[in-house]
Every structure is written in structure tokens, then in C-alpha cells.
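Okay, so here's the structure we're looking at.
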Amino acid sequence: LPPEMAAFVDLRVLDLGQNGLTGSIPEEMGELTRLVTLYLGDNDLSGDIPTTLGKLSSVTHLYLDRNLLEGSIPPEIGNMASMHMMGLYENYLTGTLPDLTKMVDLRALYLDDNDLTGPIPSTIGNLVSLEDLRLGTNNFTGTIPPEMSQLEVLSTAYLEYNALTGPIPWQFYNLKELDEIHLYENYLSGTLPYQLGELRDLEILYLDNNEFTGPIPATIGDCDDLTELFLHNNGLTGSIPAQITRLKDLTHLRVDSNDLTGELPEHLDRLFKLERMYLNDNKFSGALPETLGTMKYLQVARLHDNNFTGQVPDGVCSLRTTNDGILRELKADCGGPDPDVVCECCTECFE
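Counting with the working numbering, you get residues 534 to 884 for the letters of the sequence shown.
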């Protein structure tokens, strides 16, 4: 990028994305004070983000994503008070989040896939226009700030692959517009509160690979729009609540690798859109419900490493042979000379 570009003082939109650009972003870019959109994404730009970009007070859209940028996000970026969307994702940025509270109109903040550290600042709650927050795949530590509950129009929250600890603050469940929560691969703990059921617009809930304990709250059945529920690799106990069968749009259910017990809900067939069901590596017991054989969209069923007894229902085996053999993976504890489960159609048997 030549420094001479600063001569285009009336420039409103600068889109140089996907051009294989190299080198650093020149400090002179800060002289383009009439700029509204700056898109330099998907290049090979390196070096630091120049502090002079903070002078671009009219910029509403800033994209520096998918480059090789290093160093911290300069505090001066927080002066870009007209910002609506800021994408700095997929770089090598380090340090902590600067104060962005002047960005009162910020709707989307994409900082994922960097090396950012420190806590998520409580001041993030001042970004009251924020709809899409992506901080995943960084090294953030500490707890989820309760002040996030002030983001009343937030619909998407990506905080996955960090080192966040502690419980999910109960205030988090006041975010009634949320339709996606990605908190997987952290060190979050505590129980899943009943307030979870108040998120009626929730479609995707990924809480897997954390340290949650206690039961799955029955109120999960109130999340009518849920399509994907991932709770695996935690320390959850108790049984699967019968209310889960209210989730008519659920396609993916993962509760594997917990300490869940008891029998499966009788009417799992009410999850008629279910495609993938992972129940393995728990302590479930009893017979497998006959109604499993009516789940005509089921493609994967992992039932192994449990305490189930009896026979895999004939209807389940029919799913392996009819409807183009849609059930392509079926695993159970049907191995050894005296198996706990009798299965003549399983793709893999465990002892």
C-alpha cells in the first residue's frame, strides 16, 4: 500500500480485499478522514495496526481480517465512534481488548482467531447496539462479565476456544434475542440454571468441553427453536429430562461423555427431525425405547459405553436397510460372548 494514497482526501470507500497485498498498512491512511468503508481483508498485510486509523471518525465498516497483522489493537481504534462493523479476525493480534465504549452504534465485532489475552472487559456491556459478538479462538481468561446482559439486541455470541472460567452468570439469560451461543472448549463450571429455558429464540447451544455439573434443566424443553444441542464432555448428572422431547426442530443432540443415568425418555420419537444422536459414554440403563425405530431422519446413533440392556428395536435396524439406509452409523454394547445389548445390525459393537 503506497503512502501516497493519503492524497485521495475525498475518498469514501476503499476496497482492496483479496488482492495479495503485502507489507504494512501505512500510517498515512489516517489522513483519509472522509473514509466510510475500509476493506483490506484477505491479503498478506503484516506489522501493527497503525494508531492513526483512530482518526477515521467517519468509518462505519472496517475490515482488516485474514491478514498477518501483529501487535495489540491500538487504544486509538476506540475513537472510531461511527463504527458499525469491525472485523479483525484471523490475524496474530495480541494484548487485551481496548476500550471500545465510544462505538455506541457497533453492531458486529469480529475478533476471533487471534491471540488476544486478559479478561473480557465489563465495559463490553456499553456496546448496546451489538448484535453479533465473536471473540472465539483467543486466550481470554477470567469470567464472563455479567454486564453482557446489557446487550439486549445480541443475537450471536461466539466465545469458544478460550480459557474462560466460572459459571455462566445468570444475567446472561436475560438476552432474549440470542439465537446462537458458542461457549465450548473453555473451563466454565457450575450448573446449568433453569433460566436457560427463557431463551426462546435459541437455535444453537454449544456448551460442550467444559466443566459443568448437575442435571440438564427441564426448562431446556422451552427453547422451542433449538436445532443443535451440544452438552458433551462435561460432568452432567441425572437423567435426560422428558421435556427435551418438546424440541421438535432438534437435528443434533450430543450429551456423550458425561455421568448421565436412568432410562431414556419414552417419547424420543417426538424429536422427529433428529439426525445425529450421541448418548455414548454415560451410565444410561434400561431398554432402548421401541419408538427409536420411527425416527426416519436418524443418520448416526451412538449408544455404546452405557448400561443399556435388551435388544436394539427392530425398527432401528429397519432404518439401516430402508429409506436408502439413512442410518449409516449405529454403535452399541453388543460385543463379546455375553453382550448387554443384542444387535444384529450395528455398524460397531463394544464390549
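Note that the Cβ used here is the ideal one computed from N, Cα and C, for glycine as well.
Taking 8 Å as the threshold (C-beta atoms), are Glu710 and Ser682 in contact? To locate residue 682, count along the sequence shown from 1; it is residue 149. To locate residue 710, count along the sequence shown from 1; it is residue 177. Their beta carbons are not under 8 Å apart, which means Ser682 does not touch Glu710 by this criterion.
Same chain, Cβ closer than 8 Å to Thr670, five either side skipped, listed in chain order: For the purposes of this step, residue 670 is taken as residue 137 along the sequence shown, with counting starting at 1. Here the set comprises Asp645, Asp646, Asn647, Glu693, Tyr694 and Asn695.
So, Leu554 versus Leu578, is the Cβ gap smaller than 8 Å? Numbered from its first residue, the sequence shown carries residue 554 at position 21. Numbered from its first residue, the sequence shown carries residue 578 at position 45. The answer is yes: Cβ separation under 8 Å.
Spatial distance of Glu881 from Leu863 (CA atoms): Taking the first residue of the sequence shown as 1, we reach residue 881 at position 348. Taking the first residue of the sequence shown as 1, we reach residue 863 at position 330. Computed Cα separation, rounded: 7 Å.
Alpha carbon of Asn813 to alpha carbon of Ser790, nearest angstrom: The residue you call residue 813 lines up with position 280 of the sequence shown. The residue you call residue 790 lines up with position 257 of the sequence shown. Approximately 6 Å between the Cα atoms of the pair.
Compare the Cα-Cα distances from Gly699 to each of Thr746, Tyr739, Leu597 and Asp757 and report the closest residue. Here residue 699 corresponds to residue number 166 of the sequence shown, with the count starting at 1. Comparing Cα-Cα distances from Gly699 to each of Thr746, Tyr739, Leu597 and Asp757, the minimum goes to Thr746.
For Gly604, does the count of other Cβ atoms within 10 angstroms reach 16, so buried, or fall short, so exposed? On the sequence shown, residue 604 is found 71 positions in, with the first residue counted as 1. By the 10 Å Cβ count, Gly604 comes out exposed.
How would you write the range of the alpha helix (DSSP H) that Leu852 sits in, first residue to last? If you number the sequence shown from 1, residue 852 lands on position 319. Run containing Leu852: Asp847 to Thr854, per the alpha helix (DSSP H) assignment.
Counting beta carbon pairs with one atom in the region 582-600 and one in the region 561-571, are three or more of them shorter than 8 Å? yes
Compute the distance between the beta-carbons of Glu744 and Asn707, then report whether it is under 8 Å. For the purposes of this step, residue 744 is taken as the residue at position 211 of the sequence shown. For the purposes of this step, residue 707 is taken as the residue at position 174 of the sequence shown. Against a cut-off of 8 Å, the Cβ pair of Asn707 and Glu744 comes out as no contact.
Contact under 8 Å by Cβ, Phe763 with Thr794: Residue mapping note: residue 763 aligns to position 230 of the sequence shown, counting from 1. Residue mapping note: residue 794 aligns to position 261 of the sequence shown, counting from 1. Against a cut-off of 8 Å, the Cβ pair of Thr794 and Phe763 comes out as no contact.
On the CB-based measure, 16 or more other CB atoms within 10 Å of its CB, does Glu685 come out buried or exposed? Residue numbering aside, residue 685 sits at position 152 when the sequence shown is read from its first letter. Exposed.
Boundaries (first-last residue) of the beta strand (DSSP E) holding Met828: Start at 1 with the first residue of the sequence shown, and residue 828 comes out as number 295. No beta strand (DSSP E) holds Met828; DSSP gives it neither H nor E.
DSSP-derived helix/strand/coil call for Gly580: As a first step, residue 580 is located in the sequence shown; it is residue number 47 there, counting from the start. If DSSP states are grouped into helix, strand and coil, Gly580 belongs with the strands.
Residues near Leu597 by beta carbon distance below 6 Å, same chain, minus five either side: Residue mapping note: residue 597 aligns to position 64 of the sequence shown, counting from 1. Contacts found: Leu573 and Leu621.
For a quick check, are the C-beta atoms of Met616 and Asp581 less than 8 Å apart? Here residue 616 is taken as the residue at index 83 of the sequence shown, counted from 1. Here residue 581 is taken as the residue at index 48 of the sequence shown, counted from 1. For Met616 and Asp581, no; Cβs fall outside 8 Å.
Inter-residue CB distance, Glu911 and Glu718 (contact presumed, cutoff 8 Å): Since the displayed the chain opens at 534 and closes at 884, residue 911 lies outside it and no answer follows.
Assigned exposure category for Asp838 - 16 Cβ within 10 Å defines buried: As a working mapping, residue 838 is identified with position 305 in the sequence shown. It counts as buried.
Roughly how many angstroms lie between the CA atoms of Asp757 and Leu836, to the nearest whole one? If you number the sequence shown from 1, residue 757 lands on position 224. If you number the sequence shown from 1, residue 836 lands on position 303. Cα-Cα distance, rounded: 25 Å.
Where Pro536 and Gln728 are concerned, what is the direct C-alpha to C-alpha distance, given to the nearest angstrom? By one-based count along the sequence shown, residue 536 stands at place 3. By one-based count along the sequence shown, residue 728 stands at place 195. Those two C-alpha atoms are separated by around 54 Å.
Taking only the alpha-carbon atoms, compute the straight-line gap between Pro583 and Ser772 and give it to the nearest angstrom. Within the sequence shown, numbered from 1, the residue matching residue 583 stands at position 50. Within the sequence shown, numbered from 1, the residue matching residue 772 stands at position 239. Their backbone Cα atoms lie some 54 Å apart in a straight line.
What separation, rounded to the nearest whole angstrom, lies between the Cα atoms of Leu860 and Glu561? Stepping through the sequence shown from its first residue, residue 860 is reached at position 327. Stepping through the sequence shown from its first residue, residue 561 is reached at position 28. So the alpha carbons of these two residues sit roughly 60 Å apart.
Tell me the rounded alpha-carbon separation between Val845 and Leu626. Residue 845 sits at position 312 when you count from the first residue of the sequence shown. Residue 626 sits at position 93 when you count from the first residue of the sequence shown. Answer to the nearest angstrom: the Cα atoms are 52 Å apart.
Euclidean distance between Cα positions of Gln776 and Leu725: Within the sequence shown, numbered from 1, the residue matching residue 776 stands at position 243. Within the sequence shown, numbered from 1, the residue matching residue 725 stands at position 192. Answer to the nearest angstrom: the Cα atoms are 15 Å apart.
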